[in-house]
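In the working numbering, the protein residues as written are 8 to 179.
In this text, a Cβ means the ideal position worked out from N, Cα and C, and glycines have one as well.
Note that the structure is a prediction, hence the values are computed from the model and not measured.
Okay, here's the thing in structure tokens:
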């Protein structure tokens, strides 16, 4: 099988899987929580295709955008090929304040974790979280789950962060 043919087959298979997952999520209502306004889910499509694949993708771009635009949750655009979902986790109250995150998924991969709320009542809270939150984010990205260790000195924030990430994953 030639390299171009193989890439086309992989792209086509990926599109089918994403479309099937999107339709399945819509059919079963997964990722949508109408009773909790703080828990939100947004699905969009990303424009740049796969990174690092090299080669010319102009022959496959129009086919992937046609397939993506046929999905009810995809936003039509001529250069889209992968689905991105942003889910806001629940706000978790800790001893020092609430912790809440927003998790971005590309397909089933966690691509970003943004902190929406963290304890900030005192200067020391801000100082601790300035160090702990980037570490927690990297741990989630590395493990692709909420199964991570707490950061020493930021135990309460870590536990709230982990719970908020897990609630976002559970909504997906």
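Measure the C-alpha to C-alpha separation of residue 90 and residue 116 and round it to an integer number of angstroms. 10 Å
To the nearest angstrom, how far is the alpha carbon of residue 139 from that of residue 165? 8 Å
Buried or exposed (CB count within 10 angstroms, at least 16 for buried), residue 137: exposed
Kindly provide the ranges of any alpha helix (DSSP H) runs that are 4 or more residues long and lie completely inside the region 77-164, ordered along the chain. 130-150
If you count every other CB in all the chains shown that lies within 10 Å of the CB of residue 145, and 16 or more means buried, which is it? exposed
Close-in-space but distant-in-sequence residues of the same chain around residue 172 (CB under 7 Å, 5 per side omitted): 96, 108, 110, 120, 147, 153
Thinking just about the alpha-carbon of each residue, which of 99, 142, 93, 133 is nearest to the one in residue 118? 93
Can you grab the Cα-Cα spacing for the pair residue 123 / residue 112, in whole Å? 16 Å
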